[in-house]
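Sequential numbering of the sequence shown, starting at 112, is according to the working numbering.
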Amino acid sequence: MAASLGIYFGGSTTCLAISKDGKTEVITNDSGDRVTPAIVAYNGNDKDVGLSAKQGKIRNAVNTICHVKHTLGRRVEDNIVKQKIRDGPTKIIDKSGYPLYQVDYKDKVTYVTPTAVATLIFKKLKEIALHQGGIGDDRDVVLTIPLDFSETQRRSLCEAATDAGFNILRIISEPSAAVLAYGVCDTKSADKSNVLVYRLGGTSLTITILQVSNGMLRVLASETDLCCGGDTFTSLLAKSCASDFNRTRNCNMSDNKRAMNKLHGACEISKHILSTLPSAKCSIDSLYDGIDYHTNISRVKFEALINSHAQQSIELLKKLITEADLKPDHIHKVLLVGGSTRIPKLQQMIRDVLPKAEMLDTISPDEVIALGAAKEAALLSTRDDSIQLKEADIMASCCTKAVALKVIDPTEDANLEIVIPQYSYLPIRRQYDFNIGKEQTSVCVQIYETQEGASIEESSLLAQIVIDGLETDSDEDFHVTSVFHYRRDGSLHIICCEDITGKTEEILIGPVGHGSSQSDTILNEQRDA
């Protein structure tokens, strides 16, 4: 039986799983680790990927690229890219509106795209699959992406995986993969079950609430917080240790980037230990100015440092339950995903809010998504190809972000008006009508991709439509009818018509950000297997 692969491509780490002969397991890398750092370093004439790149980060920070997932498929004006430009040690430049990393490679300045960096990481995973997994010529893989990935981000990730030599069978969302790993969809019961996927990775927190019925999944609510993650916890611990070092040694090492990088690495190890033990030693030889640093960190102290962020994540959890029109007792299962969910304090806080929910944590949280993707890959590789199914027969497409309209009004500040709600099934058609003053000779309508409750600054401008030459002898205000047709392929067709003059403008955008619900896929393919 052919081997099938599942890949989780995260902001901090990647994980590769294989499904073969009815067994699904994670493939260890050449260092024996079950996850591989998503880091690339340009080191002289070499390109280091994974653990070797992470180990050399202290001495080669400016040429070491981390968190490439956050810049993949984004433009420079994106707030996340702006933050990377401002805070990251690696220089990022603007090339026609898109970010490029500037590194020193082979004794000259070189510019590389985020997609090229991601390709190197995928090549490393393919090498692991060949040498450690023994997959032979099998290249079939299922990739996972965040639920809110835009179409541009999706295409960039696909391009990187394809350039590395993988054959992409399908792309599924990370929450869907987690549900697959635990077999939550295996039941054919018509009773509805609400599942909360709590993913706390290295660089972000994502909470998703899904409804399971008859083996199908429906997204009820989801939100991501990029200000909360395992790296944030490590930084808080490192700052506390730096303050302790400065106070006891009467110095200031906090401005020394090399010393802080060494301290950050040691605190990361201590953080991992504190998930299983009540205390951990943090020891660094020659941390700063030839001075060694040795201290003992208690779990109680660590939990106090991260308490505000942990509480913030719980508030987000409560908010999503309310947005999904549910109560805490309506959540039946909680899936813990991401290495930082090992923190005992955090687990207890979730239990306190959801006391009746079954907490599923038997699978390593670092590996859940990759294992779920490998299960889906195995399901796809064993399907009967003689049964000709179109994509529309097995996939229920949905828009992962809302589509909003803003009418530019010179007399007042206009707000975003949601026309197509987030997670609407595609295709969908919606109409939005509005009036403008009879004294106006034109109207400008801006179309945004956004999330529920987001401000204009947090939204992405897709296009704008302008209707010129508005003239009338009537005393009535102009009335504009706008029709939005969001197609299954992700393209968005918009027509705006002023009813009095009959003037009409239209535009076709796309494909814009959209995803696919895993629900129909699981149900239909299990029938046909």
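Yeah, the Cβ is synthetic: ideal placement off N, Cα and C, and Gly gets one too.
Assigned secondary structure, residue i (DSSP; H/G/I helix, E/B strand, else coil)
i: T387; result: coil
i: H441; result: helix
i: Q575; result: strand
i: R453; result: helix
i: T561; result: strand
i: I659; result: Limits of the chain in this structure are 112 at one end and 640 at the other, which puts residue 659 out of reach.
i: G117; result: strand
i: S492; result: helix
i: L634; result: Annotation note: pLDDT 35 at L634 (below 50); position unreliable, coordinate value reported separately. L634 falls in the helix class under three-state DSSP.
i: S261; result: coil
i: K237; result: helix
i: A128; result: strand
i: Q551; result: coil
i: F589; result: strand
i: V556; result: strand
i: N171; result: coil
i: H178; result: coil
i: S287; result: helix
i: M460; result: helix
i: T362; result: Rather than Thr, the amino acid found at residue 362 in this sequence is Cys. Note: C362 maps to coil in three-state DSSP.
i: K350; result: helix
i: L307; result: strand
i: F413; result: helix
i: A513; result: strand
Contacting residues, own chain, Cβ-Cβ under 6 Å from residue i (five flanking each side not counted)
i: R541; result: V530, I531, F595
i: P210; result: T182, V187, V192, I203
i: I633; result: For I633, the pLDDT reaches just 35, beneath the cut-off of 50, and the residue's location in the model is therefore unreliable, although a value from the coordinates is still provided. Only C296, G326 meet the Cβ criterion.
i: K131; result: A114
i: G621; result: G601, S602, L603
i: I442; result: N305, L307, L465, A468
i: D89; result: There is simply no residue 89 to check, as the chain begins at 112 and stops at 640 in what is shown.
i: H590; result: N546, D610
i: K235; result: V160, G161
i: I605; result: F595, I618
i: T317; result: R310, T335
i: S593; result: Y543, C607
i: P389; result: R410
i: T147; result: T125, N140, G161
Close beta carbons around residue i, own chain, < 7 Å, minus the five adjacent residues each side
i: T139; result: R145, Q243
i: L331; result: I320, L321, Q322, A435
i: S630; result: Reliability of the predicted coordinates at S630 is poor, the pLDDT of 34 falling under 50, and the value obtained from them is presented with this limitation in mind. Within the same chain, S630 has close Cβ partners M327, L328, R329, A507.
i: L231; result: V151, K158, V160
i: T224; result: L211
i: C555; result: I519, Q575, V577
i: F277; result: F233, K237, R250, V252
i: L573; result: I558, Y559, E560, I620, V623
i: D274; result: T230
Cβ-Cβ distance between residue i and residue j below 9 Å
i: A288; j: I279; result: no
i: T175; j: A152; result: yes
i: Q264; j: G155; result: no
i: I408; j: R360; result: no
i: F260; j: I118; result: no
i: L321; j: V290; result: yes
i: P439; j: V464; result: yes
i: L491; j: R281; result: yes
i: S142; j: L127; result: no
i: Q645; j: E569; result: This structure leaves residue 645 out entirely; the chain is present only between 112 and 640.
i: A525; j: V518; result: yes
i: E334; j: L446; result: no
i: A172; j: K456; result: no
i: R165; j: A229; result: Before going further, note that residue 165 is Lys rather than Arg in the sequence given. Taking 9 Å as the Cβ cut-off, K165 and A229 do not qualify as a contacting pair.
i: I283; j: E487; result: yes
Own chain, CB closer than 8 Å to residue i, minus 5 neighbours either side, in chain order
i: L398; result: F356, M364, A370, K373, L374, Y404
i: R197; result: none
i: V220; result: Q213, V214
i: D400; result: C362, M364
Integer-rounded CB distance, given that residue j should sit under 8 Å from residue i
i: S602; j: D579; result: Actually they are not in contact, since the Cβ atoms of S602 and D579 sit about 25 Å apart, beyond 8 Å.
i: F344; j: K382; result: 6 Å
i: T314; j: D342; result: 6 Å
i: A489; j: L254; result: With a Cβ gap of about 15 Å, A489 and L254 do not count as contacting.
i: I558; j: E616; result: Not quite, the Cβ-Cβ distance comes to about 12 Å (not below 8 Å), so this is no contact.
i: Y543; j: L516; result: 6 Å
Any non-hydrogen atom of the ligand FAD within 8 Å of residue i CB
i: A227; result: No copy of the ligand FAD occurs in the structure displayed, which carries no ligand at all.
CB contact check: residue i to chain B, cutoff 9 Å
i: L428; result: Chain labels in this structure do not include chain B; a single protein chain is all it has.
(message) Check whether the segment 424-439 and the segment 448-464 are in contact - that is, three or more C-beta pairs closer than 8 Å.
(response) yes
(request) Kindly confirm or deny that the segment 611-618 and the segment 560-580 touch, where touching means at least three C-beta pairs closer than 8 Å. (result) Cβ pair count under 8 Å is three or more, so yes.
(message) Measuring CB atoms only, is the segment 412-419 touching the segment 300-320, in the sense that at least three cross pairs come out at less than 8 Å?
(response) no
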